[in-house]
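Protein chains in written order, with my numbering: chain A, 1 to 250; chain B, 1001 to 1544. Glycine included, each C-beta is placed from N, C-alpha and C at the ideal position. Structure first, then comments.
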Amino acid sequence: MNILETHRLFKSYDSGKTFALKDMNFSLKQGNICAVVGESGSGKTTLLRLIAGLERPEMGQIILQGREVSTQTKIVPPYERNVGMVFQSFALFPHLSVVKNVAYGLPKHQKQLAKEILARVNLAGLENRYPHQLSGGQQQRVAIARTLATNPQLLLLDEPFSNLDAALVSSLRHEIQQIVKQFSISAMFITHDMQDAIAISDEVCVLKEGQLIEYGTVQALARSPKTDYVKAIFDQLRSSASSVLDSLDL
Amino acid sequence: MKQWLGKGSLQRFFRDMNRWSVLVLIIGSFIGLPIFIVAYQLLKGPGEEWEHITTFLLPHYVYHTFFLIVCCAIGTLLIGVGCAWLICRYEFPFRRVLDWMLILPLAIPSFITAYAYAGVFDNGGTWTLMMAKLGIEVQKIDVMNLSGLCWVLSISLFPYVYIGARAAFRQHAQQFREASHLLGATERKFFFTIALPLARPAIISGLLFVIMEVLNDYGAAKYYGINTFTTGIFNSWRDLEDLPSAFYLSAILVLLIFVLILLERWQRGSRSYATVAASDGGSKRILLSGGKAWFVCLLTVFPLLAGFVLPVAQLLYWVYYTFWDVLDVAFIQLIINSFFIAFLAALLTTILALFFVYFSKWTHLSGVRLFARTASLGYIIPGAVIGLGVLISARMLVQGTASLFDLRIGFLLYGSMLTLVYAYVVRFFAIAHQTIEASSAKIGSQFFESAILLGKKPILALKQIDFPLLKTGLLSAMTLLFIDIMKELPLTLVLKSPDVQTLAIKAYEYIENGDQIDKAALPSLLIIGAVSCFILISNRWLKT
């Protein structure tokens, strides 16, 4: 079953003169992790914001868990979509402690449940700290824990690795993959680095100038890319002897 | 593609027309009503006296107003930019104290500075009395003319330019200075070719405030007997009893302000003034010593003496003689009323502006956002014009409810505190709107977006997340509003009634009644005291 479907999705920022997204059609299977790959300005963030309900499309349809959430005539507000999003800057509330951040989306702000969730993402003992007292990696895990606390069916991550040291990235890739599987949810994340996509995603969605140019499993894209653009990306990875390709045996 | 998208535009309009759009339209209409009514009045054509006004009076209004604008612009530029540069660039005795004290002339409404100056330099004034006591015979210095008015307005309003220029000069990173000196530039060349052009937007925005204040001034010009557009609006309305012509004069005045703003935008063009914050521990100042240091100190002390110390000293001198004549139970009631009105109007304006900023963000219709911008133009429209607009709105409402519902609500609107507070909200809404919008932009939208994605409805997310983060911005907006409301005269003069009085009106009434001029000192000093405290508090916030 598909957790997410988009049909003929269009989004422009200046009344139809330039399009951030054009004719976007794709679907994501329940339980899968999908990487959205593309250069800056290719429409990756816009796609995530449309799915979350933070932006409104000019045309097209978004279906979440079989329910129409965005059409030409109807928009379901973000707080009723059951979608979680981790922002690039993490957006942790600076005036709330870690545990209050995580409990924020819970009914009656249940602190005990928040503590349990923090423990599941290896942050036990940091409950009473404030966001500015945490490292980048810890902040990211708090942001993920806060989002997971509301039990979303789809987790959206906007460039989850861009604010982190290279040394942290590989361990966090693994952690995110573990957390998503542990909570039995689906996820979509944005990256401009194909290595991130190969390392943790089941499916990859490649965007260029607002259009979806390729979509499929990592193996399928690597073995038989349909466009020169994707072929060039994999050729470059092969020439740099990337270890992530070795893991896929490609 | 555009044509194809256009097909569903009506459907999208109804899809995106949410309750926030409706609320923005309601608040915008509430704020913009007097402005729209003034615009509507223009369609009816000028009144009977228009020909008389254009033939005999308008040339004077135009000449005096332009003279004041040009001279005050030059005066405030020289004093404001000069002081800001000296304070930011050099180290000299009392620099730290002067840094914040130079803002204090803003605490005195210009009509109070004007009459205090007249009290010092008039026949038998403090200056001639002091000199006579010292046995020195001096000639009277006549300040009650156009040049005197220019001086009074310049020395009262230069802090607007000073604040902007000081902030801009402080932002100049040390590396700009070092780079320019390494390239062989002298201090003078650095000032004219780098520092001044970089500070230009801040200086010009301060200058626009000065010009708007000059155009808004009524009390000082009236007291000095100078006919300007604003005194002309009052003359047409009160003396000539020709309200339509008063609206026509107002329209010319507003048009003039629009032209000035457009000129500034056009001149700025697409040049970038992005500044680099001083991340290297701030700018290093040149240490002055000996005579040079004291000379620079004197240069910066002079505007403070002329713009604050001299008028306050004159007022204190008057208060010494009139304190017990003025202070009675009615006066204490007036003080309480005045502070209450200012506080209430500041609070209401801040709350409305907060909701307006956020509702505008949550609406997805660009047309509604554009309307929101238009409705918050109040601050560029002079107080007298807003006052007349509110007066007409009240009259229309009273007549409308009487004829439609047979309801008599005149007692609620004519000469009431409600109408005055509403007029202040309209007049100063833009200040609160801009301050809160800037604070909100600084916080960014991601905290709010996170909150709504965590299942909170927008109002709850605003209350729990953005509101605590906005507290300083909201307090800052309220302080700025309180300062402006306490000082406001022309608008209050239009809407005053025996039941609704403010300290500014009381001071003006004493001044207008020539033989009681010294009694105006106590209400004036109370305004100055309250406003000074709030200016110092807000200056502290701006720094932090």
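| query | result |
| --- | --- |
| Alpha helix (DSSP H) runs wholly inside the segment 1050-1129 of chain B, at least 4 long, in chain order | 1058-1089, 1095-1101, 1110-1121 |
| Beta-carbon gap between Leu96 of chain A and Leu4 of chain A smaller than 8 Å | no |
| 4-residue-minimum alpha helix (DSSP H) runs that sit fully inside the segment 1302-1356 of chain B, ordered along the chain | 1310-1326 |
| Interface residues of the segment 22-50 of chain A facing chain B [CB-CB below 8 Å] | none |
| Secondary structure of Gly38 of chain A, DSSP reduced to three states | strand |
| Three-state secondary structure assigned by DSSP to Phe1014 of chain B | helix |
| Min CB distance Leu113 of chain A to chain B below 8 Å | no |
| Cα-Cα separation, Pro1109 of chain B to Ser1524 of chain B | 8 Å |
| Boundaries (first-last residue) of the beta strand (DSSP E) holding Leu164 of chain A | Element bounds for Leu164 of chain A: n/a, residue is neither H nor E. |
| Contact set between the segment 65-79 of chain A and chain B, restricted to residues whose Cβ is under 9 Å from the partner | Thr71, Gln72, Thr73, Lys74, Ile75, Pro77, Pro78, Tyr79 |
| Met1486 of chain B to Val1254 of chain B span [Cα, whole Å] | 23 Å |
| Which of helix, strand or coil DSSP assigns to Ala124 of chain A | coil |
| Endpoints, alpha helix (DSSP H) assigned at Glu68 of chain A | Unbroken run through Glu68 of chain A is the beta strand (DSSP E), 67-70; no alpha helix (DSSP H). |
| Continuous beta strand (DSSP E) stretch holding Ala187 of chain A: start and end | 186-191 |
| Pick from A:Gln110, A:Leu164, A:Ile144 that is closest to Ser135 of chain A, judged by C-alpha positions | A:Leu164 |
| Three-state class that DSSP yields for Tyr1358 of chain B in the structure shown | helix |
| Identity of the residue in B:Gly1124, B:Cys1150, B:Leu1149 nearest Gln1139 of chain B by Cα | B:Gly1124 |
| Residues of the segment 1290-1308 of chain B whose Cβ lies closer than 8 Å to any Cβ of chain A, in chain order | none |
| Per-residue DSSP class, three states only, for Asp235 of chain A | helix |
| Status (buried if at least 16 other CB within 10 Å, exposed otherwise) for Thr1349 of chain B | buried |
| Proximity test, Cβ basis, 8 Å: Ala166 of chain A and chain D | Chain labels in this structure do not include chain D; the protein chains are A and B. |
| Under the three-state DSSP convention, the category Asn2 of chain A falls into | strand |
| Chain A contact for Asp1016 of chain B (CB, 8 Å cutoff) | yes |
| Ile1436 of chain B (DSSP reduced to helix, strand or coil) | helix |
| Every unbroken beta strand (DSSP E) within the segment 1389-1449 of chain B, with a cutoff of 3 residues, ordered by chain | none |
| Residue span of the alpha helix (DSSP H) that contains Lys208 of chain A, given as start and end | Segment 203-208 is the beta strand (DSSP E) holding Lys208 of chain A; no alpha helix (DSSP H) there. |
| 8 Å Cβ cutoff, Val83 of chain A in contact with chain B | yes |
| Contact residues within the segment 188-214 of chain A, judged by C-beta distance below 8 Å to chain B | none |
| Closer than 7 Å at the beta carbon, the chain B residues around Phe87 of chain A | Gln1446, Ser1450 |
| Range covered by the alpha helix (DSSP H) that runs through Tyr104 of chain A | Looking at the DSSP string, Tyr104 of chain A is not in any alpha helix (DSSP H), and its letter there is neither H nor E. |
| Backbone CA spacing between Ser1147 of chain B and Glu1213 of chain B [nearest angstrom] | 17 Å |
| Glu214 of chain A - containing beta strand (DSSP E), residue span | 211-217 |
| Counted within 10 angstroms of its Cβ, other Cβ atoms place Phe1554 of chain B as buried (16 or more) or exposed | The structure shown does not extend to residue 1554 of chain B, since chain B is modelled only from 1001 through 1544, so no value can be given for it. |
| Length at least 4, wholly inside the segment 1178-1240 of chain B: the alpha helix (DSSP H) runs in chain order | 1187-1190, 1196-1216, 1219-1224, 1229-1234 |
| Whole runs of the alpha helix (DSSP H) within the segment 1494-1519 of chain B, excluding any shorter than 4 residues | 1503-1512 |
| Three or more C-beta pairs below 8 Å linking the segment 1325-1333 of chain B and the segment 1383-1401 of chain B | no |
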